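Each remark here refers to the structure printed beneath this line.
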Amino acid sequence: MTTYLLRRLLLGCVTLAAITCIVYGLARNMPGNPLTAQMGEDPSRKITAADYERMQRAYGLDKSWPEGYLQWAGNLLQGDLGRSITRKQPVTTLIGERIGPTLLVSGTAFVLIWLAAVPLGLYSSARSGRPDERLTSLLLYALYSFPTFVAALFLQVVFAVWLRGTAWELPLFGMSDLPADAATSSRMLDIARHMILPVTCQTYVSLAYDSRFIRANMEEAIRQDYVRTARAKGAGPWRVLFRHAFRNTLIPLVTLLGLSLPSLIGGSIIIEQIFTWPGMGRLFFESIRERDYPTIMGLTLMFSVLTLLGQLLADVLYCLVDPRVSVA
Amino acid sequence: MERSHGFWGEAWRRYRRRPLAMAALAFVAFLVIVATLAPAIAGTKPVLCRYKGRIYAPCLGYFDRRLEPAIFTKDKFRGTYPKNLAEKDPASWAIWPLFFQDPYRSVRGDEWPGRPENPAMDQGRPSWTNPFGTDQAGVDVLAKMVHGTTVALLVGFVSMGIAGTIGIIVGAIGGYFGGWIDMLASRITEIVMCVPTLVLILAILAIIEKPTIWHTMAIIGMTGWTGIARLTRGEFLRLKGSEYVTAARAAGAGPARIILRHILPNSLAPILVPITFGIASAILTESGLSFLGFGPPPPSASWGSILNGARSNLGMWWLVLFPGTAIFLTVLAYNLIGEGLQEATDPRLREARK
Amino acid sequence: MPLLDISNLVTAFHTPAGRVPAVDGVSLSIDRGKTLGLVGESGCGKSVTAMSILRLVSAPGVIESGSILLDGPGGPVDLVSLPEPQLRKVRGGRIGMIFQEPMTSLNPVFTVGDQVAEAVLLHQGCSREAARARALEMLRLVRLADPERRLDEYPHQLSGGMRQRVMIAMALACEPDLVVADEPTTALDVTIQAQILDLLADLRRRLGTAILLITHDLGVVAETCDEVAVMYAGRIVERAPAEKLFRRPLHPYTIGLLAARPDPDAMATRADGTTVRPRLTTIPGMVPSPQHFPPGCRFHPRCGYAHSRPGPDGPACDGGVPELRELEPGHFVRCHYAGSLGEPHAVGALST
């Protein structure tokens, strides 16, 4: 196992190096740089040519992009992710600020999804073919095909515009309307109200997909010979479902869990953008617009590490759950 | 003994038995018709007209500016056909599109005799003149959606064509040759997979100075092939050990022949499934990009761009309802087709048909 | 009163292509402690018969009519109409089942010990330790080498023969009255086959279990069975005590099957006096597809004794369906002309 992990880690580093290099190259080659982006936003901040050159040098923008990349990589190996050019904070601080809100939404969504998807999937496979199951299946399918941004807009129209002034109204944007020094309990309540729409949007798609995934795998498991053996032994339908079929479905399920790690922490760019939720996805989007290279690189690194870790997790979990498979 | 219909014949017969899948196919066929005939369905340019003794088809200008007959530019029509045709050549006639609205601009007052100017902003709710309403600039939504169908379908097919080609090539080569070639192919796949797609697309779009819809399609295709590559690789790994492959090698066939003629046709069925799902995903991505403001510049006719208008004008619910439903139905249709395809071609599911 | 009495069982599959009667009016009975062999070619319906006993037929198959009576202390019960909770008590408790594919019939994620113990736990409310001890006992009974170690191993770590022994252990764990063995040795090597058959015979002697052995191998049947039933195209065509059947088969199909056995000692003499091994005899034609069963006697297109026209001895063979008649005590045959077949003629006179 240890040799396997080491090998994966090593390969992962190679992949990371390639990814970060490519993204850095792309980012630097985008037209403009942080200074021009800032000037573009606020034309009153004119900078003289001399100042511009000075700032360029200060931020290392006068170097070519391969040099810049090596410098960044060198700093990284010393544990320094750099400072954001536009926000003038260490990248780690920025990430630290934004990761909380993202986890709040995606964590809640994650828990809700799995709490609901497993029973739904089991229910669907148990009552397969009956009219109530077909209806549920159709509804889930429709949900799965419903685009998130359309749903988000739709929910916004309903809950923030049509229901304005009623008790059902939900806030449109942001994480909280109260000032930072307001009472904790009312702040929490306010954040919770702001969370409802983003969480809903993030939950429903995965819910539909995961429950259908479970159902498909359960149907496959139920058709296997060992289920027939269990029934011949006298096992009842629930025992067959939970103990025999579901235990086998767990195998592909854990791989799915592992692979959902990156989006859990990375957050959804689109949803955070629509709801102006101050999370990682939004930070990513903004840093691209601002050409804030250190932040872009920090986030890319994090996201890629998470993706690779997620895959590793999926593979390791697979070995643990399936006795037929040893690490290979 | 009944004649066997061959693999695809059998698959089609099984596919036919699922009403939802057939309905989805019918819907996509309907979309294709709308997309091909878009200029004849909605537009302010005549489908066919006779002007100064010759017959022209100005509506083709909607597909490409260069297809619009030059004479109308020379005669300073400036896109307004009804009045100009009547004034400049009394002997002219024209066959108009079904629905006189333009997807790229608002219709001015009295452009079409007796029709008022298109309302804008909050006044643009659905009405008889504008069944789907108008957007903030007064452009008719129905016309935009009809022409947006062309964009949507093109995006789906072109992106997935590119993604499918790249994915199959990478996966096939990696799966068949194994060894360090496989390692390289897998690393490349992993790299493209790890970079957040939206970021990649945004970055490339920013680098290209003037992105057109074709650039967007190409980029979506070039970033969306990883799933197909992994699946192809898996299939090739599995089928590489088949006896017919060994037989082909014993007969002296080279790798290209084996890959193209023996393994690929056998693995095509499961690979077509994610390609079909990918079409839905590509349409979603393009709508998403337009929605975020990164689509082709206005006044483009993408469904996502209509939704973009709704973001700052949440009171104009018709800007959400109609394009949103269209995107939803299209994605639903492609998902249904993909699933129908999967069930029709998966041999394991064959026995359990009730 | 026989232990298991199947009468006129009809199990059909409702496929999109039509109704397929895989079991079309089958009647069998097994006495306590006896072994009945059910033979036939692939596709004749013998496996479906076995599955029907415990109502394990997979969709779209349905038991349409007939009765399966299981005798017991409280009187006979009809397994076809028995409510599900009680049927579950019968499954594994009073009737055990062994399947053909040991590779896939064991759950890959549970240990062997777990799965055998489960058979015990489902029927006897004992503790987990007691169930585990019983599982160990069963593994010893089926002569599995190193049973303590095997208890905690997974199916994929065992060979085919070992897995089949585990299946037998599971089926016998609750000391059932009857064991239904669906081609238990088909998927195994010949040497292992012999061991498994030995084991089954031994267990039968020791535990007094009745066995319904389903196979297409006549050799297996000859060795182990008290009584034999021959199945063709969904129907029983002959049923007799084993010795009688092999010594003097009465149905043309059985005659053909037995004649098809290669005889290593057979020698034929040619016209010029040289000896030569004779050609192997076969039954011409193919087993009919369930969608196109021939009318009347289902075997008649391939039968060398078929009568194309009704005569003084009996009807035309493509006319009425022959009944299963008891020609000699305990010997049943489904043929219009059994017992007085005459000389075989060329097949094909009545081919469909």
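Protein chains in written order, with our numbering: chain R, 1 to 328; chain P, 1001 to 1354; chain S, 2001 to 2352. Glycine included, C-beta positions come from ideal geometry on N, C-alpha and C. Predicted, not measured: the structure shown is a model, and the values here were computed from it.
Inset, instruction - Could you name the residues of the same chain whose beta carbon sits closer than 6 Å to that of P/L1048, not counting the 5 residues immediately before and after it, in chain order? - result: A1057 and I1095
Legend entry - Beta-carbon contacts of P/Q1136 that lie in its chain and below 7 Å, excluding the five residues immediately before and after: A1120, M1121, G1309 and N1313
Inset, instruction - May I ask you to check if the CB of P/P1196 is nearer than 8 Å to at least one heavy atom of the ligand GDP? - result: The ligand GDP is not part of the structure shown, which contains no ligands of any sort.
Inset, instruction - Output yes or no for whether 9 Å exceeds the beta carbon distance between S/D2265 and S/C2297. - result: no
Legend entry - 3 or more residues per run - each beta strand (DSSP E) lying fully within the stretch 1273-1342 of chain P: Correct list: empty.
Legend entry - Backbone secondary structure at S/M2231 - three-state DSSP: strand
Legend entry - Short CB-CB distance (under 9 Å) between R/P278 and chain P: no
Legend entry - Span of the alpha helix (DSSP H), counted from its first residue to its last, around R/Y318: R/Y318 -> alpha helix (DSSP H) spans Y293 to V321.
Inset, instruction - Would you tell me roughly how many angstroms separate the C-alpha atoms of R/V227 and P/L1020, rounded to the nearest one? - result: 31 Å
Legend entry - Contact residues within the stretch 193-224 of chain R, judged by C-beta distance below 9 Å to chain S: Listed in sequence order: R223 and Q224.
Legend entry - Three-state secondary structure (DSSP) of S/M2103: helix
Legend entry - Chain-ordered neighbours of P/F1328 on chain R, where CB pairs are closer than 7 Å: By Cβ distance, chain R contributes S145, F146, P147 and V150.
Legend entry - chain R within 9 Å of P/M1022, Cβ atoms only: no
Legend entry - Euclidean distance between Cα positions of S/I2098 and S/A2222: 20 Å
Legend entry - Cβ-based neighbour list, P/L1098, same chain, cut-off 6 Å, excluding 5 preceding and 5 following: Closer than 6 Å at the Cβ level, and outside the excluded window around P/L1098, lie I1041.
Inset, instruction - Per DSSP, which residues does P/W1093 bridge with? Please list them. - result: P/R1050.
Inset, instruction - Measure the beta-carbon distance from P/C1194 to R/L61 and round it to whole angstroms, keeping in mind my assumption that it falls under 8 Å. - result: Wrong, their Cβ atoms sit about 26 Å apart, outside the cutoff.
Inset, instruction - May I have the straight-line CA-CA distance separating S/G2219 from S/I2236, to the nearest angstrom? - result: 19 Å
Legend entry - Proximity below 9 Å, CB of P/T1073 to CB of P/T1044: Not in contact: P/T1073 and P/T1044 (Cβ atoms no closer than 9 Å).
Inset, instruction - Output the boundary residues of the beta strand (DSSP E) element that contains S/N2008. - result: L2004 to T2015
Inset, instruction - Could you work out which residues of chain R lie near S/S2105, taking near to mean beta carbons separated by less than 8 Å? - result: D225, Y226, R228 and T229
Legend entry - S/E2282 in three-state terms, based on DSSP: The question names Glu, but residue 2282 of chain S in the sequence shown is Thr. Coil.
Legend entry - Partner residues on chain S for R/G252, Cβ-Cβ distance less than 7 Å: Contrary to the premise, residue 252 of chain R reads as Pro rather than Gly in this sequence. In chain order: nothing, as chain S lies at least about 12 Å away.
Legend entry - CB of R/D51 within 9 Å of CB of R/W114, strictly: no
Legend entry - Close Cβ partners of P/F1177 (< 7 Å) along its chain, the five nearest in sequence each way excluded: none
Legend entry - Alpha-carbon spacing of S/C2335 relative to S/K2046, whole angstroms: 20 Å
Inset, instruction - Look at the alpha carbon of R/V105 and the alpha carbon of R/N29, and state the distance between them as a whole number of angstroms. - result: Roughly 33 Å between the two C-alpha positions.
Inset, instruction - Would you mind listing the alpha helix (DSSP H) stretches within the stretch 2232-2276 of chain S that are 4+ residues and don't spill past its ends, in chain order? - result: Fully enclosed alpha helix (DSSP H) runs of 4 or longer: 2242-2247 and 2252-2259.
Inset, instruction - Kindly say whether P/C1059, judged by its beta-carbon, lies nearer than 9 Å to any beta-carbon of chain R. - result: Judged by the 9 Å Cβ criterion, P/C1059 is not in contact with chain R.
Inset, instruction - Report yes or no: is there a C-beta of chain R within less than 9 Å of the C-beta of S/S2058? - result: yes
Inset, instruction - Kindly indicate which residue of R/M218, R/H194, R/F285 and R/R83 has the alpha-carbon position closest to the one of R/M119. - result: The residue you asked about is not Met; residue 119 of chain R is Pro in the sequence shown. It is R/M218.
Legend entry - Stretch-stretch touch, CB-based, cutoff 8 Å, three pairs: the stretch 1212-1232 of chain P with the stretch 1007-1014 of chain P: Counting Cβ pairs under 8 Å, fewer than three are found: no touch.
Inset, instruction - Pull out every residue of the stretch 1312-1339 of chain P whose Cβ sits closer than 7 Å to any Cβ of chain R, in chain order. - result: L1314, G1315, W1317, V1320, G1324, I1327, F1328, V1331, L1332 and N1335
Legend entry - CB contact check: R/F110 to chain P, cutoff 9 Å: no
Inset, instruction - Could you please give the first and the last residue of the uninterrupted alpha helix (DSSP H) stretch that includes R/T184? - result: T184 to I222
Inset, instruction - Consult DSSP for S/R2334 and reduce its assignment to one of helix, strand or coil. - result: strand
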